[in-house]
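S.K.:
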Amino acid sequence: MRFTKLRLTGFKSFVDPTELVIADGLTGVVGPNGCGKSNLLEALRWVMGENRAKAMRGGGMEDVIFAGTDKRSARNYAEVLLLLDNTDRLAPANFNDQDVLEVTRRITRDVGSAYKANGKETRARDIQMLFADASTGAHSPALVRQGMISELINAKPKSRRRILEEAAGISGLYQRRHEAELKLKGAETNLARVDDVVEQLD
Ligand code: ATP
Numbered sequence: 010m011r012f013t014k015l016r017l018t019g020f021k022s023f024v025d026p027t028e029l030v031i032a033d034g035l036t037g038v039v040g041p042n043g044c045g046k047s048n049l050l051e052a053l054r055w056v057m058g059e060n061r062a063k064a065m066r067g068g069g070m071e072d073v074i075f076a077g078t079d080k081r082s083a084r085n086y087a088e089v090l091l092l093l094d095n096t097d098r099l100a101p102a103n104f105n106d107q108d109v110l111e112v113t114r115r116i117t118r119d120v121g122s123a124y125k126a127n128g129k130e131t132r133a134r135d136i137q138m139l140f141a142d143a144s145t146g147a148h149s150p151a152l153v154r155q156g157m158i159s160e161l162i163n164a165k166p167k168s169r170r171r172i173l174e175e176a177a178g179i180s181g182l183y184q185r186r187h188e189a190e191l192k193l194k195g196a197e198t199n200l201a202r203v204d205d206v207v208e209q210l211d
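Taken in order, the sequence shown gives residues 10 to 211; the numbers are from my numbering.
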């Protein structure tokens, strides 16, 4: 899978729909301080399922919505669209029926976030898993933000291990194991309850 396009609408400083074409090779984003370069990278992380407002440099997730200026009023929602080339068919089975995969996330004030994959409502967890399995995602070590290198050098072994696991594409497996363990616990509780009932009947 390859990222081919990012479109931002009402996201942070990008009030009007803005498209970034991600061509083969290296894509550079240059501009004066404060023009929105970091906002672009944050939009990429956000559409892949980032759920920590702090990682978006905000106090709450709705802070990603265009807050207004002297000349333009604030918006009610923010949307980011990420287009992926899936001709190599590396997307997980539930997203793998087309050559192009279009993922969108929209946040509306007082409503919250909603995700879509190729126009269909999709759970946040499935979007996060899609990118985790592809060794990318909101916490991908491929996205290097300012200050991250020194953080990595000074990180405790446990945090450093998490970064390596993310790079190896196995963090999605941990999430699945956790969910399987919860299901197992639920099944054990149900079995114990059945045992109690059987005992009472005997
Ligand atoms: P630098 O080169 O200094 O790191 P940059 O190009 O990375 O800057 P960003 O940090 O991406 O710039 O963008 C900062 C700009 O985004 C600021 O002008 C800030 O006011 C604006 N901004 C951030 N959040 C919002 C929002 N919710 N609504 C409107 N503008 C916003």
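C-beta atoms are modelled at their ideal positions from N, C-alpha and C, and glycine is treated no differently.
How about residue 72: is its Cβ closer than 7 Å to a heavy atom in the ligand ATP?
M.R.: Yes, Cβ of residue 72 sits closer than 7 Å to a heavy atom of the ligand ATP.
S.K.: Could you tell me which whole beta strand (DSSP E) segments of length 3 or greater appear in the segment 137-201?
M.R.: As far as the segment 137-201 is concerned, it has no whole beta strand (DSSP E) run of at least 3 residues.
S.K.: Taking contact to mean 3 or more Cβ pairs, one atom from each stretch, closer than 8 Å, check whether the segment 84-92 and the segment 10-20 are in contact.
M.R.: Counting Cβ pairs under 8 Å, three or more are found: they touch.
S.K.: Based on Cα-Cα distance, which residue from 139, 120, 114 and 130 lies nearest to residue 99?
M.R.: If we check each option's Cα against that of residue 99, 139 comes out closest.
S.K.: Could you check what DSSP says for residue 22 in three-state terms: helix, strand or coil?
M.R.: Here residue 22 sits in coil by DSSP.
S.K.: Between the segment 62-79 and the segment 37-44, are three or more C-beta pairs nearer than 8 Å?
M.R.: The segment 62-79, when compared against the segment 37-44, does not touch it at the 8 Å Cβ threshold.
S.K.: For residue 122, which three-state DSSP category applies?
M.R.: Here residue 122 sits in strand by DSSP.
S.K.: Among 21, 157, 160 and 190, which residue has its Cα nearest to the Cα of residue 83?
M.R.: Selected option, being the one with the closest Cα: 21.
S.K.: Taking any heavy atom of the ligand ATP as the mark, which residues have a C-beta closer than 5 Å to it, listed down the chain?
M.R.: Output, sorted by chain position: 21, 22, 42, 43, 44, 45, 46, 47, 48, 75 and 76.
S.K.: Return yes when the Cβ of residue 58 is within less than 8 Å of the Cβ of residue 137, no when it is not.
M.R.: Yes, the pair counts as a contact, with Cβ atoms nearer than the cut-off.
S.K.: What did DSSP end up calling residue 134 once you bin it into helix, strand or coil?
M.R.: It is helical.
S.K.: Is there contact here, the segment 93-110 with the segment 119-138, by at least three beta-carbon pairs under 8 Å?
M.R.: Enough Cβ pairs lie closer than 8 Å, so yes.
S.K.: So, using beta-carbon positions, are residue 23 and residue 48 closer together than 8 Å?
M.R.: Their beta carbons are under 8 Å apart, which means residue 23 touches residue 48 by this criterion.
S.K.: Note the first and the last residue of the continuous alpha helix (DSSP H) segment covering residue 38.
M.R.: Taken as a continuous stretch (DSSP letters only), residue 38 belongs to no alpha helix (DSSP H), as it is neither H nor E.
S.K.: Write down the C-beta distance between residue 181 and residue 142 rounded to the nearest angstrom, noting that I regard them as a contact closer than 8 Å.
M.R.: Sure, about 5 Å apart at Cβ, within 8 Å.
S.K.: Report buried or exposed for residue 19, applying the criterion of at least 16 other Cβ atoms within 10 angstroms of its Cβ.
M.R.: By the neighbour-count rule (16 or more Cβ atoms within 10 Å), residue 19 is buried.
S.K.: Going by beta-carbon coordinates alone, are residue 116 and residue 56 separated by less than 8 Å?
M.R.: No, Cβ-Cβ distance for residue 116 and residue 56 is not below 8 Å.
S.K.: Identify whether residue 63 lies in helix, strand or coil by the three-state DSSP scheme.
M.R.: Looking at residue 63 - three-state DSSP - the assignment turns out to be helix.
S.K.: DSSP has residue 74 in a bridge; who is on the other side?
M.R.: BP columns for residue 74 point to 20.
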